[in-house]
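Each remark here refers to the structure printed beneath this line.
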Amino acid sequence: VTYEGTNQVKDTKINRLVHDYEFFTTLENENISSMYARFNYIINALKGLAKLYTNHELVSNILRCLPKTWEPKVMTIEEAKDLSTLPLEDLLGSLTTHELRMNDQAKNEPKKNTIALKASKDEESDEDKDEMALLTKRIRRILLDKK
Numbered sequence: 001v002t003y004e005g006t007n008q009v010k011d012t013k014i015n016r017l018v019h020d021y022e023f024f025t026t027l028e029n030e031n032i033s034s035m036y037a038r039f040n041y042i043i044n045a046l047k048g049l050a051k052l053y054t055n056h057e058l059v060s061n062i063l064r065c066l067p068k069t070w071e072p073k074v075m076t077i078e079e080a081k082d083l084s085t086l087p088l089e090d091l092l093g094s095l096t097t098h099e100l101r102m103n104d105q106a107k108n109e110p111k112k113n114t115i116a117l118k119a120s121k122d123e124e125s126d127e128d129k130d131e132m133a134l135l136t137k138r139i140r141r142i143l144l145d146k147k
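Numbering-wise, the sequence shown is residues 1 to 147 according to full-length UniProt numbering.
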């Protein structure tokens with residue numbers, strides 16, 4: 001047992017960790033493994049201070065912290081599984097598998113180059129078109145005559 005100081009120090013640590021737990025989010029470009037390592041650190045620190053969460057609370061918090069791109073997977077898990085009995089390890093396995101599939105798909109997709117095109121409207125009169133056609137005919141004749 002580690003000395004945690006006075007009750008006030010312990011309460012302050014618990015409050016800080018509970019805040020970290022409740023507002024836990026996945027960082028940008030963070031994989032499931034490193035996200036869970038950060039999450040587990042908070043949970044273990046809270047356990048050491050006698051603040052416990054149920055498996056259901058942990059599972060729900062993990063699903064809540066995932067980015068918007070994961071929303072279809074989150075909805076699928078919520079609809080297909082009973083979150084009150086879903087083991088945290090099974091959830092992590094499912095999320096890791098999904099992450100691997102997403103990474104494989106991203107590797108296999110051709111890179112898309114986006115370009116912006118500027119549209120302009122040319123208004124030509126019929127006279128201009130006729131003049132251009134006549135000029136084109138003359139140039140063709142000159143080129144054919146030279147051959």
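Beta carbons: idealized from backbone N, C-alpha and C, even for Gly.
- Of E109, R140 and K51, the smallest CA-CA separation from H19 is found for K51.
- For D82, there is no enclosing alpha helix (DSSP H), as DSSP marks it with neither H nor E.
- If you look at Y53, you'll find it isn't in any alpha helix (DSSP H); DSSP assigns it neither H nor E.
- In the structure shown, G5 falls within a coil segment according to DSSP collapsed to helix, strand and coil.
- In the three-state DSSP reduction, T114 falls in the coil class, being neither helix nor strand.
- Around the beta carbon of L17, a 10 Å sphere encloses 16 or more other beta carbons of the protein chains shown; the residue is thus reported as buried.
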